[in-house]
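Here is the structure we will look at, set down as structure tokens.
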Ligand SMILES: Nc1cc(-c2cccs2)n[nH]1
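In the numbering used here, the protein residues as written are 208 to 477.
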């Protein structure tokens, strides 16, 4: 899978050199390239923003700079996937030769924004199935709306996604969140793929049950007896009930979509 990130703060993405996503990059599972948007600016100050039409505070990111960058990175829908030549092979080194012709096949453009559809595990699962994702990290008051409009008109899928109802200073943190969320789902990234099944927000649509490890008693707090019983059926039932109780208590919005039989049967007194 190829992921391109366009940002004026390439070093923000350095965290993607670490841990499982970093290993996925080094083993070739994830081809992540970080580009400095200023490489597509045309003036000597490498300007990427300007004042908003209609007035108001702050600055808006210029459509022409984004247009040139996305033309190089998105590629053209239907093109055979080219052998990408541009961008960096490490998030840390911000030097990007993004201006070089980076060719790629049709890509899915993701634009982090507080005014987007809320990003969920379903989005992560869908993005993990893409061959090429481009993340456009906006700053200031946002990116000129015509940039997404033009990408859609050119035939690209464009998803404007929020990672939650709060406002960040830029899209880079949201990009880190989303790339980790879908990157970890790529085959070969996490050691035990089964662990992906039982996670919160997984296929069961439940929050995860509480977990414990040694010692069995710690400062007067004991591990629930059932987990020490070796009785696998009882343990499975207890975990399922705990997941139901947690979901009902913490995320009533998720309960609505649960199979009622589960709720009726569960021992919710746990
Ligand atoms: N969920 C979310 C996204 C954002 C931003 C994306 C780009 C600039 S600010 N804030 N909050």
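Even for Gly, the Cβ is constructed at its ideal location relative to N, Cα and C. Model, not experiment: these values are computed from the prediction.
Taking 7 angstroms as the cut-off, the beta carbon of residue 280 is found closer than this to the beta carbon of residue 211. At a cut-off of 4 residues, the continuous stretches assigned as alpha helix (DSSP H) that sit fully inside the stretch 317-358 are 328-335. By the criterion of at least three beta-carbon pairs nearer than 8 angstroms, the stretch 243-250 is not in contact with the stretch 369-385.
Under DSSP, no beta-bridge partner is assigned to residue 250.
In the DSSP assignment, residue 364 falls within the beta strand (DSSP E) that extends over 364-369. In the structure shown, residue 429 adopts extended strand secondary structure according to DSSP, grouped into three states. If the five residues before and after residue 231 are omitted, its C-beta is found closer than 7 angstroms to the C-beta atoms of 237, 390, 393, 396, all from its own chain and listed in chain order. Relative to residue 399, the option among 282, 227, 220, 315 whose CA is nearest is 227. Apart from the 5 residues on each side of it in sequence, residue 430 sits with its Cβ closer than 7 angstroms to the Cβ of 419, 423 in its chain, given in chain order. In the pairwise beta carbon analysis, the stretch 263-276 is classified as touching the stretch 351-362: at least three pairs are separated by under 8 angstroms. Ligand 1 has no heavy atom closer than 6 angstroms to the beta-carbon of residue 228.
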